[in-house]
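Going by numbering that gives the first Met the number 0, the residue at position 169 of the sequence shown is 168; the numbering climbs one at a time, nothing skipped. The beta-carbon is built from N, C-alpha and C at its ideal position, and this holds for glycine as well. Treat the numbers as computed from the prediction; the structure is a model and nothing was measured.
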Amino acid sequence: MIWIYNRIVKHKNHIQFSKQNIDVQLKKRFEALPNIAATAKKFMAHESTVHAEIAQLRSGYSAAKGSEKVALESDLSKLLGNLSISFENYPELKSNESIIHLQRSINEFAEQISASQRAYNNSVLTYNDAVSTFPSNIIASIFGFKEEVYLHIITKEEQRENPDMNSLL
C-alpha cells in the first residue's frame with residue numbers, strides 16, 4: 000500500500016515538474032526573441048541607410064556637373080571604402096544572417112515548447128494510468144487522487160502572447 004501511494008505521488012510530482020519545464024521554455028522564448036529581433040532590426044536599418052546613401056549619391060551624380068561629379072565620386076568612394084572595411088572586419092554581420100538566425104530561433108523555441116508539452120502529456124498519461132488501474136485505483140480513491148487533464152493548449156492563466164514580430168522589425 001505504501002509503495003503504491005508513493006508511486007502515485009511520484010507521478011503527480013512529475014506532472015508538476017513537466018509543467019514547470021513548459022513555463023521555462025516559454026520564458027526563454029519571450030526573453031530571447033525580442034533581443035534577437037532587435038539585433039536583426041539594427042542590421043537591417045544600417046544596410047537600409049547605406050543603400051539610401053548610395054542611391055542618393057548615384058542620383059546626384061547624374062544631375063551633377065564638372066567638379067560636383069568629382070566630389071560625388073569622392074563621397075561614393077569613401078562610402079564604399081567604409082563599407083568594404085566594415086564587411087572585412089565583420090563578415091558575418093549582415094541583416095540576412097540576422098533574419099535567418101531569428102527564424103531558426105523561432106523554430107527552435109517552438110520545437111522545445113512542443114517537446115515540453117509532449118513530456119507533460121506523457122507524465123499525465125503515466126499518472127492517470129496509476130490512478131485508474133487496479134489495485135492502485137483503490138489507494139488513489141482513498142487518498143483523493145483524481146485524474147489529470149491533458150494539455151491541449153495552455154490555459155488562460157498560463158498563456159503568454161507571441162511577440163509581434165512586425166513591431167519588433
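First and last residue of the alpha helix (DSSP H) that includes residue i?
i, result
"residue 139", "135-141"
Relative to the alpha-carbon of residue i, which residue among the options has its alpha-carbon at the smallest distance?
i, options, result
"residue 28", "104, 73, 129, 130", "104"
"residue 147", "134, 125, 141", "125"
"residue 122", "1, 142, 9", "9"
"residue 114", "143, 99, 17", "17"
"residue 40", "6, 101, 20, 51", "101"
"residue 13", "120, 140, 36, 34", "120"
"residue 33", "69, 52, 97, 60", "97"
"residue 21", "62, 72, 110, 74", "110"
"residue 24", "59, 106, 38", "106"
"residue 116", "141, 62, 66, 150", "150"
"residue 15", "131, 118, 52, 48", "118"
Spell out whether any CB of chain B is found under 8 angstroms from the CB atom of residue i.
i, result
"residue 134", "In the structure shown, chain B cannot be found, because there is only a single protein chain."
>> Can you confirm whether the region 1-8 touches the region 128-138 when touching is taken to mean that 3 or more C-beta pairs between the two stretches lie within less than 8 angstroms?
In response: Touching, yes, given that three or more Cβ pairs across the two stretches are closer than 8 angstroms.
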